[in-house]
Amino acid sequence: MRWYNSTNKKFLYLLPGLLFVLILVAYGLLQTIIESFADPKGQGLTFANYSRLFEQKSFWDSLVFSFRVSFISTVIALTIGIVVTKFLHEILLKKSWKLLIWLPMLFPHFIAGYLILLLFAPSGLFSTLASQIGIIDEMSQFPIIVMDRQGVGIILTYIWKEIPFVVLMLLPVFAQIDNRYKDVVRTLGGGKWETFRTVEWPWLFPVVVETGLIIFAFVFAAFEVPYLLGATYPKMLPVLAYQWFFEGNWSNRPLAMASMLLITAMIMILATIFFYLLQKKRYRMMRGN
Amino acid sequence: MKKQRKMIVIVILIAVFSVPIILLSLKSLAVGWSWGELLPSDFSLRGWSVVLNDPKIVAAISVTYKIAIAVILLNLLIAIPTGRALAFYSFKGKGVIETILFMPILIPALAIAMGIHLTMIKLGLADQWLGVVLVHLIPTVPYSIRILRSGFERVGMKWEEQSFTLGGTTLSTFWLVMFPLLLPSLRAAIYLTYVISLSQYVLTALIGGGNVVTLAMLYYPYFSSVDDMVIASFSLMFALLPLLFIVMVELVIRVTIFIGK
Numbered sequence: 325m326r327w328y329n330s331t332n333k334k335f336l337y338l339l340p341g342l343l344f345v346l347i348l349v350a351y352g353l354l355q356t357i358i359e360s361f362a363d364p365k366g367q368g369l370t371f372a373n374y375s376r377l378f379e380q381k382s383f384w385d386s387l388v389f390s391f392r393v394s395f396i397s398t399v400i401a402l403t404i405g406i407v408v409t410k411f412l413h414e415i416l417l418k419k420s421w422k423l424l425i426w427l428p429m430l431f432p433h434f435i436a437g438y439l440i441l442l443l444f445a446p447s448g449l450f451s452t453l454a455s456q457i458g459i460i461d462e463m464s465q466f467p468i469i470v471m472d473r474q475g476v477g478i479i480l481t482y483i484w485k486e487i488p489f490v491v492l493m494l495l496p497v498f499a500q501i502d503n504r505y506k507d508v509v510r511t512l513g514g515g516k517w518e519t520f521r522t523v524e525w526p527w528l529f530p531v532v533v534e535t536g537l538i539i540f541a542f543v544f545a546a547f548e549v550p551y552l553l554g555a556t557y558p559k560m561l562p563v564l565a566y567q568w569f570f571e572g573n574w575s576n577r578p579l580a581m582a583s584m585l586l587i588t589a590m591i592m593i594l595a596t597i598f599f600y601l602l603q604k605k606r607y608r609m610m611r612g613n
Numbered sequence: 615m616k617k618q619r620k621m622i623v624i625v626i627l628i629a630v631f632s633v634p635i636i637l638l639s640l641k642s643l644a645v646g647w648s649w650g651e652l653l654p655s656d657f658s659l660r661g662w663s664v665v666l667n668d669p670k671i672v673a674a675i676s677v678t679y680k681i682a683i684a685v686i687l688l689n690l691l692i693a694i695p696t697g698r699a700l701a702f703y704s705f706k707g708k709g710v711i712e713t714i715l716f717m718p719i720l721i722p723a724l725a726i727a728m729g730i731h732l733t734m735i736k737l738g739l740a741d742q743w744l745g746v747v748l749v750h751l752i753p754t755v756p757y758s759i760r761i762l763r764s765g766f767e768r769v770g771m772k773w774e775e776q777s778f779t780l781g782g783t784t785l786s787t788f789w790l791v792m793f794p795l796l797l798p799s800l801r802a803a804i805y806l807t808y809v810i811s812l813s814q815y816v817l818t819a820l821i822g823g824g825n826v827v828t829l830a831m832l833y834y835p836y837f838s839s840v841d842d843m844v845i846a847s848f849s850l851m852f853a854l855l856p857l858l859f860i861v862m863v864e865l866v867i868r869v870t871i872f873i874g875k
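From first to last, the protein sequence lines stand for chains A and B.
Under my numbering, the letters of the first sequence match residues 325 to 613, in that order.
Under my numbering, the letters of the second sequence match residues 615 to 875, in that order.
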């Protein structure tokens, strides 16, 4: 068993994970890329599918809509998540409170979508409350928030669902921060904001970026919630892509694949930009600046 | 003053997460709860009886569990060794390997599944529950690897080394020493995988082709029905299933530890 030396052993342990990435992820993505460039009339590769995609107005509307919804959901969920963790991390690090944060994580996303509908629909709780107070007299006077063309219902769902995720990602960071640094800032006359900016933020920043990327990528490529709460037009891009994928004679399949690949490419570009930003920042921190 | 502000944040937080769930529970039991009434006047179990007497739902529960359990077992099989290697070994190109293993979190699973579809058809895995299991690995495994990796990092190498010094084998060391120490991470990975698998509509529809009917596949047709009571009961079931699953897993863990002793 000479082959079973320590280098091979490391590799053996990594093998299941690498096989997963190679066989499922890399292979699947490669097939999608190939099919998106396949010539619909015969052999060979072509940009025809992409130019056909770029001619569709529905594609551009969906892309802008998806990007806006993902961006807004991510920024709001991150902001609220950071504030909540900052105020409550001492309490939340205790075991029983951690369970409370886990609870919303146990709901599928589309159930969260239904909860938002129960709260914000014209027939929902807030509409009833408004009528109790006397702001509105009829159901129809309540603004359309869910299943609207601005995607507010979708955004609310993701905020509700992702705040616990942000808190769970940030809690370990707050637990790591050396509180003596805060004392230093305070001794030197720094206020609360100074403490947050100089002590906590540099620790939080990498995890905030990572969490934000995960949420953005998730919402940008999500199907379940927009399928439930989206308006007929514009559709979120994955919903449009799925529709193309299964339409009649498969002729729009390349369009579906090209749209999903463009989403992938945009996420990757964003991830690369933030990765380099982080590297630069780390370098600065190492020099003690 | 500071304490008061904290209390306010806590109260808001609890309200934001509990009010919708209480509302959902009421909705699943309320009869003729019309707009403008703050509380329902009449209750019945009709919504629940419709949901639990639907043979399609009963069948879907067992399909959903079968798929979820297979997905969880495969997740652990992949994530435990990989997480351990990432936590304990350092080697050339580790950064690249880490990036490769982390990437699938950011790559849309739908983009991958669209590409696998044809291959799945050729291999006879499309329209089969096994094909659905494989495609559910895509959105779950990267998270499991991350969770297990930080689990191994938290526990450290010392315990393993001690066990090996005392003559433990790889298997007995994992089972008797690392398994109990890793429990918090294993739990997190299991529950997260379960909820993600339970939540998949589009991947299941794509590879299962309408033949593999999980609960998520039934939710959308139910959602377009007009019966609020029934939709609410079905929705609440999605929240109760993970709780039921947690009770099951905790029982299995207790029994495993008991037998191990």
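Every residue, glycine too, gets a C-beta built ideally from N, C-alpha and C.
Here the structure is a predicted model, which means the values were calculated and not measured.
Query raised in the report: A/Leu-369 to A/Ile-358, Cα distance in whole Å?
Result: The sequence position of residue 369 of chain A within the first sequence is 45, counting from 1. The sequence position of residue 358 of chain A within the first sequence is 34, counting from 1. Cα to Cα, the separation comes out at about 8 Å.
Query raised in the report: Quick one, are the C-beta atoms of A/Thr-481 and A/Leu-553 less than 8 Å apart?
Result: Here residue 481 of chain A corresponds to residue number 157 of the first sequence, with the count starting at 1. Here residue 553 of chain A corresponds to residue number 229 of the first sequence, with the count starting at 1. Taking 8 Å as the Cβ cut-off, A/Thr-481 and A/Leu-553 qualify as a contacting pair.
**Report entry** Inside the segment 329-398 of chain A only - alpha helix (DSSP H) runs reaching at least 4 residues
**Finding:** 330-343, 351-361 and 372-379
Query - According to DSSP, residues forming a beta bridge with A/Phe-498 - result: Sequence index remark: in the first sequence, residue 498 of chain A carries index 174 (1-based). A/Phe-498 is not bridged to any residue.
Query - Listed by chain order, chain A residues near B/Leu-726 by CB distance under 8 Å - result: On the second sequence, residue 726 of chain B is found 112 positions in, with the first residue counted as 1. Reading off the sequence shown, one finds Ile at residue 726 of chain B, where the question assumed Leu. Here the neighbours are Leu-348, Val-349, Gly-352, Leu-353 and Thr-356.
Query - Nearest-angstrom beta carbon gap, A/Phe-547 and B/Leu-724 [assumed within contact, 8 Å] - result: The sequence position of residue 724 of chain B within the second sequence is 110, counting from 1. The sequence position of residue 547 of chain A within the first sequence is 223, counting from 1. B/Leu-724 to A/Phe-547, Cβ: 6 Å. Contact.
Requested in this report: Quickly, what does DSSP pair B/Asp-656 with across the bridge? List them, please.
Outcome: Taking the first residue of the second sequence as position 1, residue 656 of chain B is located at position 42. DSSP lists B/Val-645 as partners of B/Asp-656.
Query raised in the report: Closer than 7 Å, Cβ to any Cβ of chain A: which residues of the segment 750-780 of chain B, in chain order?
Result: Leu-751, Ile-752, Val-755 and Ile-759
Query raised in the report: By the 10 Å Cβ neighbour count, where 16 or more other Cβ atoms means buried, how is A/Ala-565 classified, buried or exposed?
Result: In the first sequence, the residue the question calls residue 565 of chain A occupies position 241. So A/Ala-565 counts as buried.
Report task. Taking the CB atoms as reference points, tell me whether B/Ala-853 and A/Leu-430 lie closer together than 8 Å. Result -> Your numbering for residue 853 of chain B matches position 239 in the second sequence. Your numbering for residue 430 of chain A matches position 106 in the first sequence. Cβ distance < 8 Å, so B/Ala-853 and A/Leu-430 count as in contact.
Query - A/Phe-570, enclosing alpha helix (DSSP H) - first and last residue - result: Mapped onto the first sequence, residue 570 of chain A falls at position 246. It spans 561-570 - the alpha helix (DSSP H) in which A/Phe-570 sits, taken as one unbroken run.
Requested in this report: Give me the Cα-Cα distance between B/Ala-803 and A/Leu-441, rounded to the nearest whole angstrom.
Outcome: Taking the first residue of the second sequence as 1, we reach residue 803 of chain B at position 189. Taking the first residue of the first sequence as 1, we reach residue 441 of chain A at position 117. Distance between the alpha carbons of B/Ala-803 and A/Leu-441: 30 Å.
Report task. Determine which residues of the segment 461-478 of chain A have a Cβ less than 7 Å from any Cβ of chain B, and write them out in chain order. Result -> Met-463
Requested in this report: Answer with buried or exposed for B/Met-851, where buried requires no fewer than 16 other C-beta atoms within 10 angstroms of its C-beta.
Outcome: The residue you call residue 851 of chain B lines up with position 237 of the second sequence. So B/Met-851 ends up on the buried side.
Query raised in the report: Is A/Gly-612 close to chain B, meaning its C-beta is less than 8 Å from at least one C-beta of that chain?
Result: Numbered from its first residue, the first sequence carries residue 612 of chain A at position 288. In this prediction, A/Gly-612 has a pLDDT of 46, which is less than 50 and means its spatial position is unreliable; what the coordinates show is noted afterwards. No, its Cβ sits nowhere closer than 8 Å to a Cβ of chain B.
**Report entry** Where the alpha helix (DSSP H) through A/Trp-426 begins and ends
**Finding:** Counting from 1 along the first sequence, the entry for residue 426 of chain A is found at position 102. Element bounds for A/Trp-426: 419-429.
Query - Per-residue DSSP class, three states only, for B/Leu-720 - result: Translated into positions along the second sequence, residue 720 of chain B becomes position 106. Coil, per DSSP.
Requested in this report: Find the residues of chain B that neighbour A/Met-560, judging by a C-beta separation of less than 8 Å, and give them in chain order.
Outcome: The sequence position of residue 560 of chain A within the first sequence is 236, counting from 1. Ordered by position in chain B, no residue passes the 8 Å Cβ test against A/Met-560, which lies about 11 Å from the chain.
Query - Distance CB(B/Ile-683)-CB(B/Leu-797) smaller than 8 Å - result: On the second sequence, position 69 is the one that residue 683 of chain B refers to. On the second sequence, position 183 is the one that residue 797 of chain B refers to. No, Cβ-Cβ distance for B/Ile-683 and B/Leu-797 is not below 8 Å.
**Report entry** Residues from the segment 691-707 of chain B in contact with chain A, defined by Cβ distance under 7 Å
**Finding:** Leu-691, Ile-692, Pro-695, Thr-696, Arg-698, Ala-699, Tyr-703 and Phe-705
Query - A/Asn-576 - containing alpha helix (DSSP H), residue span - result: Start at 1 with the first residue of the first sequence, and residue 576 of chain A comes out as number 252. Taken as a continuous stretch (DSSP letters only), A/Asn-576 belongs to no alpha helix (DSSP H), as it is neither H nor E.
Query raised in the report: Does the beta carbon of B/Trp-649 come closer than 8 Å to any beta carbon on chain A?
Result: Here residue 649 of chain B corresponds to residue number 35 of the second sequence, with the count starting at 1. Yes, B/Trp-649 lies at the interface with chain A (some Cβ there is under 8 Å from its Cβ).
Query raised in the report: In or out: B/Lys-772 buried (at least 16 other Cβ within 10 Å) or exposed?
Result: Counting from 1 along the second sequence, the entry for residue 772 of chain B is found at position 158. By the 10 Å Cβ count, B/Lys-772 comes out exposed.
Report task. Less than 8 Å between the CB atoms is what I'm expecting for B/Leu-748 and A/Leu-348, so what's the real figure, rounded? Result -> For the purposes of this step, residue 748 of chain B is taken as the residue at position 134 of the second sequence. For the purposes of this step, residue 348 of chain A is taken as the residue at position 24 of the first sequence. Yes, they are in contact, since the Cβ atoms of B/Leu-748 and A/Leu-348 sit about 7 Å apart, within 8 Å.
Query - Cβ distance (whole Å) where B/Asp-842 is taken to contact B/Lys-641 below 8 Å - result: On the second sequence, position 228 is the one that residue 842 of chain B refers to. On the second sequence, position 27 is the one that residue 641 of chain B refers to. Yes, they are in contact, since the Cβ atoms of B/Asp-842 and B/Lys-641 sit about 6 Å apart, within 8 Å.
Report task. Could you name the residues of the same chain whose beta carbon sits closer than 8 Å to that of A/Ser-360, not counting the 5 residues immediately before and after it, in chain order? Result -> If you number the first sequence from 1, residue 360 of chain A lands on position 36. These residues qualify, in order along the chain: Asn-373, Tyr-374, Pro-578, Met-581, Ala-582 and Leu-585.
**Report entry** Test item: CB-CB of B/Phe-766 and B/Arg-660 under 8 Å
**Finding:** Position 152 of the second sequence, counted from the start, is the residue given in the question as residue 766 of chain B. Position 46 of the second sequence, counted from the start, is the residue given in the question as residue 660 of chain B. The answer is no: Cβ separation not under 8 Å.
Requested in this report: Classify A/Lys-485 as buried or exposed, calling it buried when 16 or more other Cβ atoms lie within 10 Å of its own Cβ.
Outcome: One-based indexing of the first sequence puts residue 485 of chain A at position 161. It is buried - the Cβ of A/Lys-485 has at least 16 other Cβ atoms within 10 Å.
Report task. With DSSP as the reference, label B/Leu-739 as helix, strand or coil. Result -> Along the second sequence, read from residue 1 onward, the residue named residue 739 of chain B stands at position 125. Reduced to three states, the DSSP call for B/Leu-739 is coil.
Query raised in the report: Quick one: does B/Phe-788 have its CB under 8 Å from some CB of chain E?
Result: The structure shown contains no chain E; its protein chains are A and B.
Report task. Could you please tell me which residues of the segment 332-347 of chain A, in chain order, have their CB closer than 7 Å to any CB of chain B? Result -> Lys-334, Tyr-337, Leu-338, Pro-340, Gly-341, Phe-344 and Val-345
Report task. May I ask which residues mark the beginning and end of the alpha helix (DSSP H) holding B/Thr-678? Result -> Against the second sequence, residue 678 of chain B aligns to sequence position 64. Per DSSP, B/Thr-678 belongs to the alpha helix (DSSP H) from 669-702.
Query - Residues near B/Trp-743 in its chain [Cβ-Cβ closer than 7 Å; skip 5 each side] - result: Walking along the second sequence from the start, residue 743 of chain B turns up at place 129. Excluding residues within five positions, the ones whose Cβ falls inside 7 Å are Val-677, Lys-680, Ile-681 and Val-826.
**Report entry** Residue of B/Leu-666, B/Ser-663, B/Phe-631 and B/Asn-689 minimising C-alpha distance to A/Pro-340
**Finding:** Locating residue 340 of chain A in the first sequence gives position 16, counting from the first residue. Of B/Leu-666, B/Ser-663, B/Phe-631 and B/Asn-689, the residue nearest in Cα terms is B/Asn-689.
Query raised in the report: Within 10 angstroms of its Cβ, does A/Lys-604 collect 16 or more other Cβ (buried), or is it exposed?
Result: Position 280 of the first sequence, counting from 1, holds the residue named residue 604 of chain A. Exposed.
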